[in-house]
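One line per chain: the protein sequences are A, B and C, in this order. Per the numbering used here, the first sequence runs over residues 443 to 779. Per the numbering used here, the second sequence runs over residues 422 to 860. Per the numbering used here, the third sequence runs over residues 292 to 551.
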Amino acid sequence: MILAANPYRDSDIFQFFGVMLNRLWQLVQGNLSLTDLASDEIQMLVLVGLCFSSALIGAFLVLKKMTMMANALCHTILLGIVIAFILLKPFSLEGGLVSSFLSLKVLIIASLLSGLLTTVLTQILVQVAKVQEDASIGLVFTSLFALGVVLVTLYTKNLHIGTEAIMGNIDALDIDDLSLVGSVALLNLVVFFFFFRGFTTATFDPLFASSIGLPVSWLNYFIMVLTAGTCIAAFRAVGVLLVLTFFVGPPLMARVLTDKLKPLLLLSFVLPAICSIFSVALSRHILVVYQTPISTSGLVVCVFAVMYFLLLLFAPKKGVVNQFFQRKFQKVLPKVG
Amino acid sequence: MNYSLVDFFTDPVLRAPTLGSIFMCLSSSLAGVIVVIRKRSLLGESLSHASYPGIALGVTLLASFFSPSSDGFAIAVLFCAFISSLVGMLLIDLLQKRFSVKDDAALCFVLSSFFGLGVLIASRIQTTHALWYKQVQGFLYGQTATMQDIHIVIYAVLLLVTGSLIVLLYRDIQMLIFDKAFGQSIGINFRLVEIVILFLTVLAIVIGIRSVGIVMMAGMLIAPALAARQLTQSLKFTFLISGIIGALSGFLGNYFSVMIPYYLHAEKLSLPTGPMILLVASFICLLALLFAPQKGLITRMMRVVKFRRNCQLENILKALWKDLGRGVTLKEVSSMQNLSLSIALLRIRKLSSKGWLDCTNKRYCLSSSGEVKAREIVRLHRLWELYLVHLGAAKDKVHASAEEMEHVLTPDLEKQLTDLLNDPLKDPHDQPIPHKGGK
Amino acid sequence: MGIMSSEPALSVKQLTVNYDKVPVLWDINFSIPAGNIVGVIGPNGAGKSTLLKAILQMIDPLSGKVEFFGLPFKKARKKIAYVPQRSSIDWDFPITAIEVVMMGLYGRLGLFSWISAKEKNQALEALELVGMTSFANRQISQLSGGQQQRIFIARALLQDADIYFMDEPFAGVDISTEQSIMQLLRDLKAKGKTLFIVHHDLNTVKSYFDWVIMLNTSLVACGPVGEVCTDKALNEAYGKGSFVLDEAARLSLRRSSGLK
Numbered sequence: 443m444i445l446a447a448n449p450y451r452d453s454d455i456f457q458f459f460g461v462m463l464n465r466l467w468q469l470v471q472g473n474l475s476l477t478d479l480a481s482d483e484i485q486m487l488v489l490v491g492l493c494f495s496s497a498l499i500g501a502f503l504v505l506k507k508m509t510m511m512a513n514a515l516c517h518t519i520l521l522g523i524v525i526a527f528i529l530l531k532p533f534s535l536e537g538g539l540v541s542s543f544l545s546l547k548v549l550i551i552a553s554l555l556s557g558l559l560t561t562v563l564t565q566i567l568v569q570v571a572k573v574q575e576d577a578s579i580g581l582v583f584t585s586l587f588a589l590g591v592v593l594v595t596l597y598t599k600n601l602h603i604g605t606e607a608i609m610g611n612i613d614a615l616d617i618d619d620l621s622l623v624g625s626v627a628l629l630n631l632v633v634f635f636f637f638f639r640g641f642t643t644a645t646f647d648p649l650f651a652s653s654i655g656l657p658v659s660w661l662n663y664f665i666m667v668l669t670a671g672t673c674i675a676a677f678r679a680v681g682v683l684l685v686l687t688f689f690v691g692p693p694l695m696a697r698v699l700t701d702k703l704k705p706l707l708l709l710s711f712v713l714p715a716i717c718s719i720f721s722v723a724l725s726r727h728i729l730v731v732y733q734t735p736i737s738t739s740g741l742v743v744c745v746f747a748v749m750y751f752l753l754l755l756f757a758p759k760k761g762v763v764n765q766f767f768q769r770k771f772q773k774v775l776p777k778v779g
Numbered sequence: 422m423n424y425s426l427v428d429f430f431t432d433p434v435l436r437a438p439t440l441g442s443i444f445m446c447l448s449s450s451l452a453g454v455i456v457v458i459r460k461r462s463l464l465g466e467s468l469s470h471a472s473y474p475g476i477a478l479g480v481t482l483l484a485s486f487f488s489p490s491s492d493g494f495a496i497a498v499l500f501c502a503f504i505s506s507l508v509g510m511l512l513i514d515l516l517q518k519r520f521s522v523k524d525d526a527a528l529c530f531v532l533s534s535f536f537g538l539g540v541l542i543a544s545r546i547q548t549t550h551a552l553w554y555k556q557v558q559g560f561l562y563g564q565t566a567t568m569q570d571i572h573i574v575i576y577a578v579l580l581l582v583t584g585s586l587i588v589l590l591y592r593d594i595q596m597l598i599f600d601k602a603f604g605q606s607i608g609i610n611f612r613l614v615e616i617v618i619l620f621l622t623v624l625a626i627v628i629g630i631r632s633v634g635i636v637m638m639a640g641m642l643i644a645p646a647l648a649a650r651q652l653t654q655s656l657k658f659t660f661l662i663s664g665i666i667g668a669l670s671g672f673l674g675n676y677f678s679v680m681i682p683y684y685l686h687a688e689k690l691s692l693p694t695g696p697m698i699l700l701v702a703s704f705i706c707l708l709a710l711l712f713a714p715q716k717g718l719i720t721r722m723m724r725v726v727k728f729r730r731n732c733q734l735e736n737i738l739k740a741l742w743k744d745l746g747r748g749v750t751l752k753e754v755s756s757m758q759n760l761s762l763s764i765a766l767l768r769i770r771k772l773s774s775k776g777w778l779d780c781t782n783k784r785y786c787l788s789s790s791g792e793v794k795a796r797e798i799v800r801l802h803r804l805w806e807l808y809l810v811h812l813g814a815a816k817d818k819v820h821a822s823a824e825e826m827e828h829v830l831t832p833d834l835e836k837q838l839t840d841l842l843n844d845p846l847k848d849p850h851d852q853p854i855p856h857k858g859g860k
Numbered sequence: 292m293g294i295m296s297s298e299p300a301l302s303v304k305q306l307t308v309n310y311d312k313v314p315v316l317w318d319i320n321f322s323i324p325a326g327n328i329v330g331v332i333g334p335n336g337a338g339k340s341t342l343l344k345a346i347l348q349m350i351d352p353l354s355g356k357v358e359f360f361g362l363p364f365k366k367a368r369k370k371i372a373y374v375p376q377r378s379s380i381d382w383d384f385p386i387t388a389i390e391v392v393m394m395g396l397y398g399r400l401g402l403f404s405w406i407s408a409k410e411k412n413q414a415l416e417a418l419e420l421v422g423m424t425s426f427a428n429r430q431i432s433q434l435s436g437g438q439q440q441r442i443f444i445a446r447a448l449l450q451d452a453d454i455y456f457m458d459e460p461f462a463g464v465d466i467s468t469e470q471s472i473m474q475l476l477r478d479l480k481a482k483g484k485t486l487f488i489v490h491h492d493l494n495t496v497k498s499y500f501d502w503v504i505m506l507n508t509s510l511v512a513c514g515p516v517g518e519v520c521t522d523k524a525l526n527e528a529y530g531k532g533s534f535v536l537d538e539a540a541r542l543s544l545r546r547s548s549g550l551k
């Protein structure tokens, strides 16, 4: 859907929010329909949808200390997509390279394939060949990624897709991407609603979990598959490498503010969502005021990092500044006799 | 164009990429040995991504002052990448130690945040200075095609620096890895060694990313070193073999990235060098994992086959000994030992060739040397049964274990058992234990 | 409901476990009558934790048969409660004490059913039994070692099992906690429950346990504490007689996995 004119076209950061709230109001009143979304709004919604999925999955990845596996998975996704694409090409109806890439069938097959390949090959190296775990993970995913890049470049005779894979192309998002991200978010919501207890128990105390009959390894594979699925949904927006920040950053941010699991999950969604919306606005602002187009996805990642460091410094209980003053305060207070 | 192998070293367009690749991959494979042995491979992944903003910033700032093809420019960009990676390292350390972030989360956070920063900075010049942007992007997957002769010198020097550091600190590195406590007791300052190793790792990464690319750098640190570890236990040879594999991968990767488009009649296509180099290195690593003389999977499988065959041979000898005098036919051997006729034949032939069997009228029996051998096996079997009963097992449950252990016990273990059990004469089933030497 | 079966609470036959190509348990056979507090002792690396994990099917044994009150593990699951080693947990996990205890309900209720107020009260009662009611909403890293162990015990209590397996419950725990846990265990025994405990401290064996299993890769002894805790048996468990066994088993594994 190409709009005649983007309502955000000339807004600086303050005007941006003005336009956004105005349009929100129009939507509520029924004057605006969802098909009239501006590209900036699609970007914001896609990012927020991503934040939602990644909050749930990322929190457990961080708690399970499986973030490096997630990183590995994010890389092998490329190979998964290429293979799925090659397998399905005879069956796909129309051309359009990039849109075929994203069709749902490709997505499902690609995520299952990638998840399977990564975990199986790594496990074979670790258990059969007795290779140390860090080297196994590193070797498997870089090799599979290399294979993916070579195949993509040869197959499409174009390296662009390869670089787009790891950085995304957020400016080219359209309503189909939004529906994809939305579906994945919904899927994750449903899964986590049902499996929350299972994931929590298996993550916190896998031995106890297996003693009461929880299929711990299946739950792990399940999380890996969900990670792969979310990764692919993020493929177009931010690319496979930057999606890692969505998985890892928010739980770290949230952990500074809370010691409990449910608030952690909530904050892991809210904080990056705020950052994402702010980033899209900021990106527009820089474009309009300084005439400089920049990568919104790169900006989002940087804003996450900035927010994390601000939290580390200024958070209520655990922030560096706060603890500094607490210690000073204790020294100044006279000892109670 | 159809290039010959020699062309790669002499042609003015090809020689810089070729030699440059070789030198770059050589440094990363040498540093990789240390990284892999210390189990820090994933740190390499983080540090290589952390260098990206340095590159982007370097190109953006410096291209205004230098011409992108000047020598100073290349060195300056490498310097920026180096600093950027070091900052990443410090941040990882800070997060892990001061803020109690788990190791993997700190690595992944720095990895992706720095990378995002690099993407942001690079996007600044994406539309305005397309040529510079292409330079920056080249570092993602590795692109050596634009290298000049001067780069050969630069990378040769850097390789020399890396190599010298390793040689100079060799003994300290060795002690750090294998016997830190001893080293500390003789006064070696390991903090300094650790810092130098860190410096070395970052240097090797920054050197390598031009040919291997940021994304694949971690693999290049791992693959040659891992392959080398399969082939040797000595640290010296590990470095040597890793270096050879690295250099070879550097050359072949570069070679393929030039020649494959040619063979596919798509000369306009530029294949990035990084993936090709890594695929070559991984392939070599796979070969090493499968076929290495000691640890290779295929070698091990063959050894198991041999061992099982040996067990079958020894079982036949044992059975013949118990059956003294009568002699057995091939058919009886086959059914007793649960072997097919053809395999039984092979085994009989093997035993005969070792001089352990005599054959009269198609009936086989033990020769005198065969008897000695058979007695040894029976002795081990019955000693083991006695030992297990001594440990508390029930008499009727020890046979199965003895069936297995009689093929495994070494003379040394046999002596220990004999001593422990006081040179016994009878096993738990009251059968005589043959003396040592087979009387 | 008391335990009606006259079957032994736990029966293990010919259990052999190889863990990562190294033999850890070799042909273990024993049978424990119900209503006893059993201590498993042996030197470090003797396979005590492995025995527990193999019995509870967390590790695949090479061979062996295990029965609980005459039933296989899958059928007996609801009668079993397991308390893992404290060191196997990441105590930075953002979870509170009461949330940990409530996990004890998941075995009975499954993952998907609603937890009623009655069950929440049961969890609070369990917390009270271990003296941790005031810590219910504390995040677990803020608890001491003894307090953490009590939370684990409370979780096990909530499972209302017939046989309880505990892996070194007294490691790194203060004296008063140790004694109050021991009292809880005695109360459980009085109700007819069976307790199977991997223990690390030889000094307290005679006062804590009715029945002892001495392990050192193979079974050294199993029986009532008075009969088994003799100098001879202790010497064998902690002495060098089984060195040959370890060495030989290790060699056997190397040969069958193709290493020289």
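Glycine included, each C-beta is placed from N, C-alpha and C at the ideal position. Just so you know, these numbers come straight off a predicted model, no measurement behind them.
Proximal residues of chain A, C-beta to C-beta of residue i below 7 Å
i	result
I386/C	F646, L703
F403/C	F636
S756/B	By Cβ distance, chain A contributes nothing, its closest Cβ being about 36 Å from S756/B, past 7 Å.
Under the three-state DSSP convention, the category residue i falls into
i	result
I371/C	strand
L440/B	helix
P334/C	coil
A702/B	helix
Q470/C	helix
L301/C	strand
N782/B	coil
A676/A	helix
S543/C	helix
V308/C	strand
M423/C	coil
Y397/C	helix
Y684/B	helix
L528/B	helix
Exposure label - residue i; buried when at least 16 CB within 10 Å
i	result
S467/C	exposed
C501/B	buried
A577/A	buried
G475/B	buried
H828/B	buried
I719/B	exposed
S407/C	exposed
Proximal chain C residues relative to residue i, where beta-carbon distance stays under 9 Å
i	result
Q837/B	F534, V535, E538
Interface residues of chain B facing residue i [CB-CB closer than 7 Å]
i	result
S585/A	G640, L699, L700, S703
*Pull out every residue of the segment 727 to 749 of chain A whose Cβ sits closer than 8 Å to any Cβ of chain E, in chain order.*
This model lacks chain E altogether; the protein chains it does include are A, B and C.
*Note down, in chain order, all residues in the segment 518 to 551 of chain B with a beta-carbon under 9 Å from any beta-carbon belonging to chain C.*
S521, K523
*Is it true that the segment 621 to 635 of chain B meets the segment 432 to 451 of chain B, where meeting means three or more beta-carbon pairs spaced less than 8 Å apart?*
yes
_Residues of the segment 485 to 510 of chain A in Cβ contact with chain B at a cutoff of 8 Å, in chain order, please._
V504, K507, M508, T509, M510
*For the segment 664 to 694 of chain A, which residues have a CB atom closer than 9 Å to at least one CB atom of chain B, in sequence order?*
V680, G681, L683, L684, V685, L686, T687, F688, F689, V690, G691, P693, L694
*When you check each C-beta in the segment 561 to 595 of chain B against every C-beta of chain A, which residues fall closer than 9 Å?*
L561, Y562
_Near-chain B residues of the segment 753 to 765 of chain A - C-beta to any C-beta below 8 Å_ = L754
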